[in-house]
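In the working numbering, the protein residues as written are 1342 to 1940.
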Amino acid sequence: MIRTHHAGELRREHVGEQVVLTGWIATRRDHGGVTFLDLRDASGLVQVVSRDLESAHALRNEWCVKVSGEVTARAAGRENPDLPTGEVEVVASAIEVLSEAETPPFPIHGADALASGVDESTRWRYRYLDLRRAGPAHAIRTRAKAVAVIRRVMEARDFLDIETPYLTRSTPEGARDFLVPVRLQPGHWYALPQSPQLFKQLLMVAGLERYYQIVRCFRDEDFRADRTPEFTQLDIEMSFLDEEDVFALGEELIAALWREILGVELTTPFPRMTYWDAMRRYGSDKPDLRFDLELVDLTSHMEGTEFRVFQAEHVGAVVVPGGASYTRKELDGWQDWAKSRGAKGIAWLLVPDDGSELRGSINKLEPERLETLPAAAGAKPGDAILFAAGPRRQTLELLGALRNAVARQRGLVREEEWRFLWIVDAPMFEPTDEGGWTAVHHPFTAPTEEWADKFHTDPENALARAYDVVGNGMELGGGSIRIHRAEMQQRVFDVIGLTREEAESKFGFLLEAFRYGPPPHGGIAFGLDRLTATLAGTDAIREVMAFPKASSGGDPLTGAPTPITAEQRKEAGIDVRPDEPAPPPNRPAGETRPDASRG
Ligand code: ASP
1342 MIRTHHAGEL RREHVGEQVV LTGWIATRRD HGGVTFLDLR DASGLVQVVS
1392 RDLESAHALR NEWCVKVSGE VTARAAGREN PDLPTGEVEV VASAIEVLSE
1442 AETPPFPIHG ADALASGVDE STRWRYRYLD LRRAGPAHAI RTRAKAVAVI
1492 RRVMEARDFL DIETPYLTRS TPEGARDFLV PVRLQPGHWY ALPQSPQLFK
1542 QLLMVAGLER YYQIVRCFRD EDFRADRTPE FTQLDIEMSF LDEEDVFALG
1592 EELIAALWRE ILGVELTTPF PRMTYWDAMR RYGSDKPDLR FDLELVDLTS
1642 HMEGTEFRVF QAEHVGAVVV PGGASYTRKE LDGWQDWAKS RGAKGIAWLL
1692 VPDDGSELRG SINKLEPERL ETLPAAAGAK PGDAILFAAG PRRQTLELLG
1742 ALRNAVARQR GLVREEEWRF LWIVDAPMFE PTDEGGWTAV HHPFTAPTEE
1792 WADKFHTDPE NALARAYDVV GNGMELGGGS IRIHRAEMQQ RVFDVIGLTR
1842 EEAESKFGFL LEAFRYGPPP HGGIAFGLDR LTATLAGTDA IREVMAFPKA
1892 SSGGDPLTGA PTPITAEQRK EAGIDVRPDE PAPPPNRPAG ETRPDASRG
């Protein structure tokens, strides 16, 4: 064994022991004939004292060293209460340099490391140094701990951890696929899975009943701060279930994570809200319930108005408590905010608390409508009313975003609260740009009982047995009860305009499996990155990824993606069209096909 103890575990009871420690030099301070080092390993930090100035003086931050010495109590008044090892120090008898380090591109330790706003791409480029820092390392540890909790819960509930292929064909989550050329079949491509959706359903046909997997998913989507091309799901599927089984499991998982990682006892069951209730009340399918500020529906109040702005399918508002004191500049700020989101703007009305006249951008509204507006909106003297009008869904979404922004601006978010809920009865379909329909969740999602026989006649209003779990305004997971009857599945394909041939060519293997007695089944997938980032106390999913890609999609560490050589291009058969005869195999004479030789 190279060491006897871990640096961070030394305490008063170790005083007098001879120890050998290994780790990195976090700091070095020379003080009147003595050198103080902070030695860091994965367990923490301990102070090392060296009187052998000559060699200690040569040491530099982030060198990797082995220290032999005796644990001693720090002199009275010299303890460091901020450090778990702060009552002791190790008086070195020998320090061996295991490897030297160049000066790191950013500070690793101490206040400097926290204060230094190292830009992300530098952090990801030197992620192995970034992870030497306490904060980033904590996030990665939190993720590992969360995974351990999840596996324990899933095992206790008799779920089987089953791997599914990464090299496969297109899966139905509706994003673009990442494609992989196949050398041995030039012109043919694998797709990386957007989720294991089809495989987990096949495992249900197989009679395994309870599947889970912590699995990488790949979606070629436009880059956004909270998206990366590869991400991880906790993916789950069950047979012979209904929504209640999924909710109970989801709540057990989340409650265990919050209890064991944050020491927070959540109240279960989580409340449930239908999709349209959430949209109507909060303008979002992931409402943040840590503040109230429910949206106001003024559509009927404005019915028949001559005022153009409010001649719309939906007129709604957010009442801002105390907002009557908004300055012109602040009100203009909301206009800019709305415009930056692609909206036309926001109308406003201030309700002064001194009884003076209403002031606003809607003075052309009929006087009787204007005067009764504060009461209709539930606004009190001293409040402001911010309005949006337009097509229903878009307007509700704009108001929902406004609700979030107002709550943050006015400090209304109860930051210490955890508010989870299930969103149920989501729409089954949404319109496509081409005037057709597409499945909101994915095309294997079952309709609600009410819509089972008629969803195809009214796709706009049809509801699905789909659910999302939302925590503090973040979508943490989502899933559905699946269709297991061929006739119903065919009607879904008809609505989304998938011909029999297309369905056959895309999902034929699943439809075929469904001819062999598929059980009723359903499941859910949690976004593991978002879930663990939340547990680690960060908004940024990249913090809980060991080697994240930059927001441009590239990997600053390896430099991926890279161009390929002409030779690789030829070998991968990228330019070969599948209907062309394959070029002669590019391998030494006499070698059999690799498949055949695998046995
Ligand atoms: N496969 C779905 C998704 O990735 C989750 C599910 O329906 O279980 O969103």
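No residue lacks a Cβ here, since even glycine has one placed at the ideal position from N, Cα and C.
| Asked | Found |
| --- | --- |
| Per DSSP, the bridge partner or partners of residue 1761 | 1812 |
| Contact the region 1845 to 1860 vs the region 1903 to 1910: 3+ CB pairs below 8 Å | no |
| The ligand ASP heavy atom lying under 8 Å from the CB of residue 1862 | no |
| Buried or exposed (CB count within 10 angstroms, at least 16 for buried), residue 1564 | exposed |
| Inter-residue CB distance, residue 1806 and residue 1788 (contact presumed, cutoff 8 Å) | 7 Å |
| Length of the line joining the Cα atoms of residue 1426 and residue 1386 | 7 Å |
| Those runs of the alpha helix (DSSP H) which lie wholly inside the region 1851 to 1929 and span at least 4 residues | 1869 to 1876 and 1907 to 1913 |
| For residue 1364: DSSP bridge partner residues | 1406 |
| Cα-Cα separation, residue 1553 to residue 1783 | 19 Å |
| Start and end residues, alpha helix (DSSP H) containing residue 1736 | 1733 to 1750 |
| Between the CA atoms of residue 1498 and residue 1347 - distance to the nearest angstrom | 36 Å |
| Within 9 Å, strictly: CB atoms of residue 1752 and residue 1628 | no |
| Option in 1344, 1526, 1482 and 1406 with minimal Cα separation from residue 1920 | 1526 |
| Alpha helix (DSSP H) runs contained entirely in the region 1654 to 1705, provided each spans 4 or more residues | 1669 to 1681 |
| Straight-line Cα distance separating residue 1480 from residue 1708 | 57 Å |
| Contact test: residue 1602 Cβ vs the ligand ASP heavy atom, cutoff 8 Å | no |
| Cα-Cα separation, residue 1420 to residue 1468 | 33 Å |
| DSSP-derived helix/strand/coil call for residue 1820 | strand |
| Residue 1514 vs residue 1542 beta-carbon contact at 9 Å | no |
| Sequence ranges, alpha helix (DSSP H) only - wholly within the region 1560 to 1599, length at least 4 | 1584 to 1598 |
| Cβ-based neighbour list, residue 1589, same chain, cut-off 8 Å, excluding 5 preceding and 5 following | 1610 |
| CB contact below 9 Å: residue 1857 versus chain B | Looking for chain B here will not work: only one protein chain is present. |
| For residue 1553, the residue or residues it bridges with in DSSP | 1502 and 1577 |
| Helix, strand or coil at residue 1378 according to DSSP, with G and I counted as helix | strand |
| Any non-hydrogen atom of the ligand ASP within 8 Å of residue 1890 CB | no |
| For residue 1770, the first and last residue of its enclosing beta strand (DSSP E) | 1770 to 1772 |
| Integer-rounded CB distance, given that residue 1407 should sit under 8 Å from residue 1363 | 5 Å |
| Beta-carbon proximity check, residue 1601 vs residue 1490, cutoff 9 Å | yes |
| Span of the beta strand (DSSP E) around residue 1436 | 1429 to 1440 |
| Sub-9 Å separation of residue 1495 and residue 1582 beta-carbons | no |
| Identity of the residue in 1402, 1570 and 1686 nearest residue 1381 by Cα | 1402 |
| Contacting residues, own chain, Cβ-Cβ under 6 Å from residue 1693 (five flanking each side not counted) | 1665 |
| Pairwise C-alpha distance: residue 1835 and residue 1587 | 29 Å |
| Separation of residue 1722 from residue 1584, as counted between CA atoms | 45 Å |
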